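Undergrad: Take a look at the following structure, please.
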Amino acid sequence: MRHRNKRRPLAGAATIALLGLIVVYAGLSIYKAVDYTTTPPNPLPTRSALTEQRIPHQGFAFRSSAGDQVTLRGTWAPNPKSHRAIILVHGRCENRMSHVDLAITLRNGGFNILLFDLRGHGESDRTPSTYGLQERWDVLGAVEFVKRRGIAPEHIGVVGWSLGGTSAILAMSQSPDIAAVVSDSAYANGDPLLARNMLRPGLKLAHNIVRDIDIDKIRVDEAMAEIGERPVFLIHGAADQAVPASQAELLQQAGSAGMTETWIVPGAGHIGAYAMHPDEYASRVIAFFDEALG
Numbered sequence: 025m026r027h028r029n030k031r032r033p034l035a036g037a038a039t040i041a042l043l044g045l046i047v048v049y050a051g052l053s054i055y056k057a058v059d060y061t062t063t064p065p066n067p068l069p070t071r072s073a074l075t076e077q078r079i080p081h082q083g084f085a086f087r088s089s090a091g092d093q094v095t096l097r098g099t100w101a102p103n104p105k106s107h108r109a110i111i112l113v114h115g116r117c118e119n120r121m122s123h124v125d126l127a128i129t130l131r132n133g134g135f136n137i138l139l140f141d142l143r144g145h146g147e148s149d150r151t152p153s154t155y156g157l158q159e160r161w162d163v164l165g166a167v168e169f170v171k172r173r174g175i176a177p178e179h180i181g182v183v184g185w186s187l188g189g190t191s192a193i194l195a196m197s198q199s200p201d202i203a204a205v206v207s208d209s210a211y212a213n214g215d216p217l218l219a220r221n222m223l224r225p226g227l228k229l230a231h232n233i234v235r236d237i238d239i240d241k242i243r244v245d246e247a248m249a250e251i252g253e254r255p256v257f258l259i260h261g262a263a264d265q266a267v268p269a270s271q272a273e274l275l276q277q278a279g280s281a282g283m284t285e286t287w288i289v290p291g292a293g294h295i296g297a298y299a300m301h302p303d304e305y306a307s308r309v310i311a312f313f314d315e316a317l318g
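Using this note's numbering, the first residue of the sequence shown is number 25, and each one after it goes up by one.
Have a look at this one:
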């Protein structure tokens, strides 16, 4: 009887310790899920390169096509001689001016340009980031804006980086109004988002509970298969530690044969190809859109 009495306090202590670990694990998972989907403020520069180079541009606001009343804000830089338009979609924790240098090059290369802030970024409404699940509708809201400027869908292209590149592919699979996409450093599925994280199982559940985000529904490879006979240009850094280049290979394999082009850039990290080879990057993107958009 004495031995049994000794075991009871030990069993009780073990139970309390286990419950404590579960509470801590759940708390950390919820904290991280909120942290991962909340972007820190990233204000636009007080004076943009568009202003410095005296390129005519206007600020606009428009609604996301998600139906959740999210207002997005962007900058329209028209090229009066062009009937084509390119929408630029930044990555997580960036804003619409993060890739303005390429935007200027594209405008000078013969395109109207729309840069805009995704939800939760820049000057757009502060809502949680959703890894592309809702951002795809932000891209389609931008497409509707461009169409209202008189640009026909067969002349509308999108270039995006990381979250933006993922959102562009997802948007393309939802609408025939995007003629071509350049996607830099996109993920094919949700695996890289929580990779190497000991909280992975709890994080997936916490995303579902706290943000209504199902990581397993992030299937950009399946979206590639639904695009049909429309061109996609995939760019990825071979040294990308955030989203491995193998993700680009998965996207290429899922894409339509003959319509998916891939450029794996040696030595480049996440969204690092342009910084390493700005001239080649711009010339490849312009050549791609010249052929795709007419």
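Beta carbons are placed, not taken as given, at the ideal position from N, Cα and C, and that holds for glycine.
Computed from a predicted model, the values in this text were never measured in an experiment.
Please work out which residues of its chain come closer than 6 Å, Cβ to Cβ, to S148, disregarding the five sequence neighbours upstream and downstream, and give them in chain order.
TA: Counting from 1 along the sequence shown, the entry for residue 148 is found at position 124. So the list reads L96, R97, D141, once near-sequence residues are dropped.
Undergrad: I'd like the list of long-range same chain contacts for I12, defined as Cβ closer than 6 Å, with 5 residues on each side in sequence excluded.
TA: The requested residue 12 is not part of the displayed model; the chain covers only 25 to 318.
Undergrad: What do you get for M25, buried or exposed, if any count of 16 or more other CB atoms within 10 angstroms of its CB means buried?
TA: For the purposes of this step, residue 25 is taken as the residue at position 1 of the sequence shown. At M25, the pLDDT of 45 sits below 50, so the modelled position is not reliable; the number obtained from the coordinates is stated separately. Exposed, since its Cβ has fewer than 16 Cβ neighbours within 10 Å.
Undergrad: How many angstroms separate the CA atom of E253 from the CA atom of I54?
TA: Numbered from its first residue, the sequence shown carries residue 253 at position 229. Numbered from its first residue, the sequence shown carries residue 54 at position 30. Going by the C-alpha atoms only, they are around 41 Å apart.
Undergrad: Nearest by alpha-carbon distance to I111: which of A41, R150, A262, V163 is it?
TA: Translated into positions along the sequence shown, residue 111 becomes position 87. Ranking the options by Cα distance to I111, first place goes to V163.
Undergrad: Suppose you measure from the CA of S207 to the CA of A50; what does that come to, to the nearest Å?
TA: On the sequence shown, position 183 is the one that residue 207 refers to. On the sequence shown, position 26 is the one that residue 50 refers to. Looking at the two C-alpha atoms, the distance is approximately 35 Å.
Undergrad: Could you tell me the distance, in whole angstroms, from the CA atom of V182 to the CA atom of S280?
TA: The residue you call residue 182 lines up with position 158 of the sequence shown. The residue you call residue 280 lines up with position 256 of the sequence shown. So the two alpha carbons sit approximately 18 Å from each other.
Undergrad: Tell me whether the beta-carbon of R131 lies closer than 7 Å to the beta-carbon of I137.
TA: On the sequence shown, residue 131 is found 107 positions in, with the first residue counted as 1. On the sequence shown, residue 137 is found 113 positions in, with the first residue counted as 1. Yes, the pair counts as a contact, with Cβ atoms nearer than the cut-off.
Undergrad: Select from L274, R224, R120, F135 the residue whose C-alpha is nearest the C-alpha of A311.
TA: Residue mapping note: residue 311 aligns to position 287 of the sequence shown, counting from 1. Of L274, R224, R120, F135, the residue nearest in Cα terms is F135.
Undergrad: Looking at H81 and T99, is the spacing between their C-beta atoms short of 7 Å?
TA: As a first step, residue 99 is located in the sequence shown; it is residue number 75 there, counting from the start. As a first step, residue 81 is located in the sequence shown; it is residue number 57 there, counting from the start. In this structure, the beta-carbon distance from T99 to H81 falls below 7 Å.
Undergrad: Can you tell which of V234, A266, Y298 has the C-alpha that lies nearest to the C-alpha of D59?
TA: Sequence index remark: in the sequence shown, residue 59 carries index 35 (1-based). When only C-alpha atoms are compared, the closest one is V234.
Undergrad: Mapping DSSP to helix, strand and coil, what is V267?
TA: Locating residue 267 in the sequence shown gives position 243, counting from the first residue. Of the three classes helix, strand and coil, the one that applies to V267 here is coil, per DSSP.
Undergrad: Okay, do the segment 301 to 308 and the segment 264 to 271 touch, 3+ Cβ pairs below 8 Å being the bar?
TA: no
Undergrad: What is the residue span of the beta strand (DSSP E) that V289 lies within?
TA: Mapped onto the sequence shown, residue 289 falls at position 265. That run of the beta strand (DSSP E) goes 284 to 289.
Undergrad: I'd like to know whether the C-beta atoms of W161 and S106 end up nearer to each other than 7 Å.
TA: In the sequence shown, counting from the first residue as 1, residue 161 sits at position 137. In the sequence shown, counting from the first residue as 1, residue 106 sits at position 82. Contact: no.
Undergrad: Do three or more CB pairs link the segment 181 to 195 to the segment 205 to 219 at distances below 8 Å?
TA: yes
Undergrad: Which full runs of the alpha helix (DSSP H) of 4+ residues lie inside the segment 70 to 103, going along the chain?
TA: If one requires a minimum length of 4 residues, the alpha helix (DSSP H) runs lying completely within the segment 70 to 103 are 73 to 76, in chain order.
Undergrad: Only counting the same chain, and skipping five residues up and downstream in sequence, which positions put a Cβ closer than 6 Å to that of T85?
TA: As a working note, residue 85 is residue 61 in the sequence shown. It should be noted that the sequence gives Ala, not Thr, for residue 85. Excluding sequence neighbours, A85 sits near T95, R97.
Undergrad: With distances taken from CA atoms, which of G184, G282, P216, A247 is nearest V205?
TA: The residue you call residue 205 lines up with position 181 of the sequence shown. It is G184.
Undergrad: To which residues of the same chain is T129 closer than 6 Å at the C-beta, ignoring the five residues directly before and after it?
TA: Translated into the one-based positions of the sequence shown, residue 129 becomes position 105. Cβ neighbours of T129 beyond the five flanking positions: A306.
Undergrad: Can you check the segment 208 to 239 for any beta strand (DSSP E) of at least 3 residues that lies completely inside it and give the ranges in chain order?
TA: Within the segment 208 to 239, no run of beta strand (DSSP E) reaches 3 residues while sitting entirely inside it.
Undergrad: Per DSSP, V47 forms a beta bridge with which residues?
TA: Reading the sequence shown from its first residue, position 23 is the one you call residue 47. Looking at the DSSP assignment, V47 forms no beta bridge with any residue, so it has no partner.
Undergrad: Tell me, please, which residues DSSP counts as bridged to F257.
TA: In the sequence shown, residue 257 corresponds to position 233, counting from 1. For F257, which the question treats as bridged, DSSP gives the partners V206, E285.
Undergrad: Within the same chain, show all residues whose beta-carbon is closer than 6 Å to that of I259, passing over the 5 residues directly before and after it, in chain order.
TA: Taking the sequence shown and counting its residues from 1, one reaches residue 259 at position 235. The answer, listed in chain order, is D208, W287, A297.
Undergrad: Who are N136's beta bridge partners in DSSP?
TA: The residue you call residue 136 lines up with position 112 of the sequence shown. For N136, which the question treats as bridged, DSSP gives the partners A109.
Undergrad: How long is the line joining the alpha carbons of Q364 and G165, rounded to whole angstroms?
TA: Examination of residue 364 is not possible in this model, given that the chain is present from 25 through 318 alone.
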